[in-house]
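Each protein sequence line maps, in turn, to chains A and B.
Remember, the working numbering sits 1 above the position in the first sequence when you count from 1.
Remember, the working numbering sits 546 above the position in the second sequence when you count from 1.
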Amino acid sequence: MDETQPTKQPEAAPDNPYRREFLWAMAGLGAATAAAFAGWGSLEMMVPAGTADDWHKSTCRFCGNGCTIRVGMRDGAIVDVRGHESGHNQGVICVKGSMLRALPHIEGRLTKPMIRSNGKLVEATWDEALELVAGKFKEVRDAHGPDALAFYGSGQLYTEESYTANKLFKAGLRTNNVDGNPRLCMASAAAGYVSVFGKDEPPGSYEDIDHAELFFIFGANPYECHPPLFERIQRRKALHRDAFIICVDPRRSETARRSDLHLPVVPGSDLLLLNAMAQVILQDGLADLVFIEKHVAFQHAGQSADLAAFREFLREYTPEKVESRLGIGADVIRHVAHRFARARASMSLWTMGVNQRTQGTALNIMLNTLHLITGQICRPGATPFSVTGQPNACGGVRDTGSLSHLLPNGRLVANAEHRAEVEKLWGVPVGTISPKPGHHAVELFRAMEDGRVKAALIMCTNPAQSMPDCDRYSAAMAKCFTVVSEIVADSETAKTASVLLPAALWVEKEGVLGQGERRYQLVEKLLDPSGESRSDLWILVELAKRLGYGDLIKAHTAADVWEEWRHFSAHSYYNFEGMTRERLQREPGLQWPCPTEDHPGTVRRYVEGDDPFVPAGAGIQFYGRKDKRAMVSFCPYVPSPEQRSDDRPLYLTTGRVLEQWHTGTMTQRIDELRGASGPARFIVSEADARQRDVESGDLIAVASKFGEVIGRAVIDREMRPGLLFAAFYDARLLVNRVVADHVDPVSKEPEYKLTAVQFRKAEA
Amino acid sequence: MELTDLTRMLAGLLCAVGFFLCLWLPRIDFGKIDPDRKVNLGFATLSGMAFFKLLALAALFAVPAASVAVANYHTIEGVHGVESCNRCHVMTPMVTDMQDPHSQTLAARHFRNGWIPKDQCYQCHSDYGLAGDLQAKMEGYRHLARYTTRTYEEPIKYRGVFPNDNCLKCHAATPKFQAVSSHATLRVRLAENTLSCLNCHGRAHPTREQRTPDHADYPRLMGGDE
């Protein structure tokens, strides 16, 4: 190697002037990116956690609207309740539903069984209580026969519970003394639908609201009693400029205040309006004669009739002939009849103002009739719709046949063929079911009074407050051996109980609720029952075992009962065999008929393509009756037995308020609801108050021939003279003490809406 | 003309000026500027050197600073518009529904009655005052990050709790609101957000089901034909 040769130095890296800048730029970019991601991460962590950790689909516990809800849980407790956006209620619930979270924790929950001993209720074990009940029931049956026993249930029991009770009493104990509080609210609607269509339950759905042009709200106050429904009506009106709301109510209710036309009929006279509307429709050529020809039949007093005879019958009800008794001018009656018939789609909605009447069945028939003679039925938006009051009066009681004259799926106790079908399906010997219909609600309590019924199981209802002339029937219950399954220890009914059983409530148990549009929804168990309380189903199953009917009542869980019941339904037009438990868990309710597991449910009954029982090519078919036609019965107006007189110059009518539900057993114990409604009061007109020197806030004594009750008066300047109103939620103002107990001759539903009363200023 | 439109025009102008200065100023040899050259600006006469130094100052500091200011203004104010939200396709169903004259959602009903004349998304989804504005920006940034990194699932889901104050700031003082007795007894729950206004007054936007790509309503909500 030549050492003189200079050592070749490694070539220096070219001095790239941009390298440093590039590295700085990359470092800066990296830092900026890191900062951006750090900022993002921080923001993600700052998002509030939400009000609940887990959400569960469920159903509201209160009214018959049956709103689908989401129940939010955290740490094993209910922390939030929201409307389910995919439910039929489209996410809307009311203030009562919003406060459901407080329901399981209401004050006064009954947590242990109690047995009356020496006039006082003392704690007992479940074994002691159930052995006592079973022993007493056997003793009564053996000594006095099965009809000395009774079951009085509720439109709030789960379907599985009502079905089991009905089966136990009718096929086990062999008495048809099975009735319940739906007799007090829905019996006339059921009787009306059966009379007209041959089958119970509405032909339409809530969805019809979104298509209707005329809303004929008759004897109902949905603004307060079914708020999500009225919200939907108001939305329809806001969207559709031709939508029109007519409200028929003697009282200027909150719904009437928000309607386009309020018809303040004379209390008790509204059948005159319906007959007069029918007369105008037929007289003025507004009837759909093609529809009548194809789909409608007529009868009068049990004899076949025709359209001409109906016209003749209605001649007594021209607007001019009824206007003075009705309190609505003939021109207004004509206007309403024309609007109803000419609207692109008319929807009638009614509740207790129609049902709780001595002419409740007739009113129901005529409301359905108006739709039939105008063809306002079986189209979107055109439907007669009886809105229901309780969450499971339809699915649990009407559909399971848990009333004294019924058997499941619209069958009748008095029909030998129906009895044989049910005996076969229940696997009991022919002749097991008694052919004698049991006592309807009012008669049942009268039977307790005079000793015909000696022992009764009362579940999930508060008849000592909800019955008309309630003091009389509370005393009757006290005479009888009553077993009361109750959520609180101090309800009016609990006070009369011989044995008090603590009942699980709402999501403390599992079961199906069936609301007013034939929709069945599952309530899953989310909480453990309070204390030692048990589901009503558990009570019934345990009682059945002790009574020796373990072989009859084989299904012991809600899921097993549902399996039995849905297969049972396949033998009828109520078919909902396709509603598996899994589907009910998954979907926000399904409407029957739903015969197969891939059937989507039926929005409109009697319509081809929607109702699976309408054969292809029929278009519309009222398949519930043998002649496949809907039946119009002539309904003469018969005045109520309660008539005003010099001694009792006013009518008392009762109802609900927005924040309270039924007898207030639940809602009165929730602070936000109790605070909003305040105590119940008598709403009186200014004229009636002045006449008696009464100011708002004064105590008044209201007397009928049934009794007297004292409460505070509030003067409402929009109240019509001669009318008083009180809600029945408040046990401190037991308005049912003075309410008449006359019943509709067909449906046997009492007339809560009309009692002749007098009132005077009372001393504090 | 809206303020945001003016801002956009100003931003465009600044961009053009900055671009021009960047191209022109490097070509100027400051040593060769004629010391006697005068530049008459109309309101003042400057020496050539002073003029070009001022241009350099503008290019280096003033125009970038103005650009930053305008850009920030655009970020703060310009994104209030409904069209800003609608730029992300996951928000399109909400906007389409809101502007649908037949929709019954709360957003559509508010839009129809015209009480919120503009920036409808922002008005309901930002809290009151400066803090609310800032919070809305932070949420917007979070949404942007999610969207651009595609770390979201369609249909999107509201996280957290919608503050009732956003409803109450307009409604609480109205006679209609005050006439409802339960609004008074629920005051604390409404303030604490433990009970939502939406319970009684309906859902605000299309359901998640409707916003799912295979749902029958999805094409319509995405602005396609019904």
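Every residue gets a Cβ at the ideal spot worked out from N, C-alpha and C, and that includes glycine.
Quiz item: What's the call for A/D81, buried or exposed, on a 16-neighbour Cβ count within 10 Å?
Solution: Burial state of A/D81 is buried, judged by a 10 Å Cβ sphere holding 16 or more other Cβ atoms.
Exercise. Return the chain-ordered list of same chain residues with a C-beta closer than 6 Å to the C-beta of A/W127, the five sequence neighbours on each side being excluded.
Key: P114
Quiz prompt | Under 9 Å (Cβ pairs) to chain A, residues found in the region 590-613 of chain B | solution = none
Quiz item: Do A/L122 and A/A490 have their C-beta atoms within less than 9 Å of each other?
Solution: yes
Self-check item: For A/Q661, the nearest candidate out of A/V96, A/A26 and A/A192 (CA to CA)
Solution: When each option's Cα is compared against that of A/Q661, the closest is A/V96.
Exercise. Give the secondary structure of A/A257 by DSSP, where H, G and I count as helix, E and B as strand, and everything else as coil.
Key: helix
Exercise. Under 9 Å between beta-carbons, which chain B residues line up against A/R1? List them in chain order, please.
Key: Outside the displayed span of chain A (2 to 765) sits residue 1 of chain A, for which this structure offers no information.
Quiz item: the region 628-641 of chain B: which residues have C-beta closer than 7 Å to a C-beta of chain A, in chain order?
Solution: none
Quiz item: Is the Cβ of A/I488 closer than 9 Å to any Cβ of chain B?
Solution: No, no contact with chain B.
Exercise. Please confirm if A/I684 has its CB atom under 9 Å from at least one CB of chain B.
Key: It does not; no Cβ of chain B falls within 9 Å.
Quiz item: Should A/L169 and A/Y652 be called a contact, given that it needs their Cβ atoms to be closer than 9 Å?
Solution: no
Exercise. For A/D3, collect the residues of the same chain with a Cβ closer than 7 Å to its Cβ; drop the 5 residues on either side in sequence, then sort them by chain order.
Key: Bear in mind that a pLDDT of 48 at A/D3, under 50, signals an unreliable position, so the number given afterwards is only what the model happens to contain. No residues qualify anywhere along the chain.
Quiz prompt | is_contact[A/V485, chain B] using C-beta, thresh 9 Å | solution = No Cβ of chain B is located within less than 9 Å of the beta carbon of A/V485.
Quiz item: Nearest chain A C-beta to B/L732 closer than 9 Å, yes or no?
Solution: yes
Quiz item: Nearest chain B C-beta to A/A342 closer than 9 Å, yes or no?
Solution: no
Self-check item: Within chain A, partners of B/Y698 - CB distance below 7 Å
Solution: Simply none; closest approach about 12 Å.
Self-check item: Short CB-CB distance (under 9 Å) between B/N739 and chain A
Solution: yes
Self-check item: Supposed contact pair A/P105 and A/L506 - C-beta distance, whole angstroms, cut 8 Å
Solution: About 6 Å separates the beta carbon of A/L506 from that of A/P105, a gap short enough to meet the 8 Å contact definition.
Quiz item: Curious, which full-length alpha helix (DSSP H) runs of at least 4 residues does the region 273-307 of chain A contain?
Solution: 290-296
Quiz item: Which whole-angstrom value describes the C-beta separation of A/W539 and A/Y164, a residue pair presumed to lie in contact below a C-beta threshold of 8 Å?
Solution: Their Cβ separation, rounded to whole angstroms, is 14 Å, which puts A/W539 and A/Y164 out of contact at 8 Å.
Practice problem: Mind checking the region 676-703 of chain B against chain A and listing, in chain order, the residues whose C-beta falls within less than 7 Å of any C-beta there? | Solution: M684, Y687, R688 and A691
Quiz item: What is the residue span of the beta strand (DSSP E) that A/M460 lies within?
Solution: A456 to M460
Quiz item: With DSSP run on the structure shown, which of helix, strand or coil describes A/C481?
Solution: coil
Quiz item: For A/W56, does the three-state DSSP call read helix, strand or coil?
Solution: strand
Exercise. Can you give me the start and stop residues for the beta strand (DSSP E) that A/Y153 sits inside?
Key: L150 to G154
Quiz item: Of all Cβ atoms in chain A, is any one closer than 9 Å to the Cβ of B/V563?
Solution: no
Self-check item: Contacts that A/A239 makes with chain B (C-beta to C-beta distance below 9 Å)
Solution: Ordered by position in chain B, the residues that pass the 9 Å Cβ test against A/A239 are Q650, R655, R658 and N659.
Quiz item: Based on the DSSP output, what are the partners of A/H339 in its beta bridges?
Solution: In DSSP, A/H339 forms no bridge with anything.
Quiz prompt | Under 9 Å by beta carbon: chain A residues contacting B/V625 | solution = Those within 9 Å of B/V625 in chain A number zero; the least Cβ separation is about 16 Å.
Quiz prompt | Near-chain B residues of the region 45-65 of chain A - C-beta to any C-beta below 7 Å | solution = E45, V48, P49, G51 and T52
Exercise. Quick one: grab the DSSP three-state call for A/W351.
Key: strand
Practice problem: Would you verify that the beta carbon of A/W427 is, or is not, closer than 9 Å to some beta carbon of chain B? | Solution: no
Self-check item: Alpha carbon of B/E700 to alpha carbon of B/P752, nearest angstrom
Solution: C-alpha separation (whole angstroms): 13 Å.
Quiz prompt | Span of the beta strand (DSSP E), counted from its first residue to its last, around A/A188 | solution = Note, A/A188: premise wrong, no beta strand (DSSP E); alpha helix (DSSP H) at A188 to F198.
Quiz item: According to DSSP, what are the bridge partners of A/T69?
Solution: A/T60
Exercise. Please confirm if A/E22 has its CB atom under 9 Å from at least one CB of chain B.
Key: no
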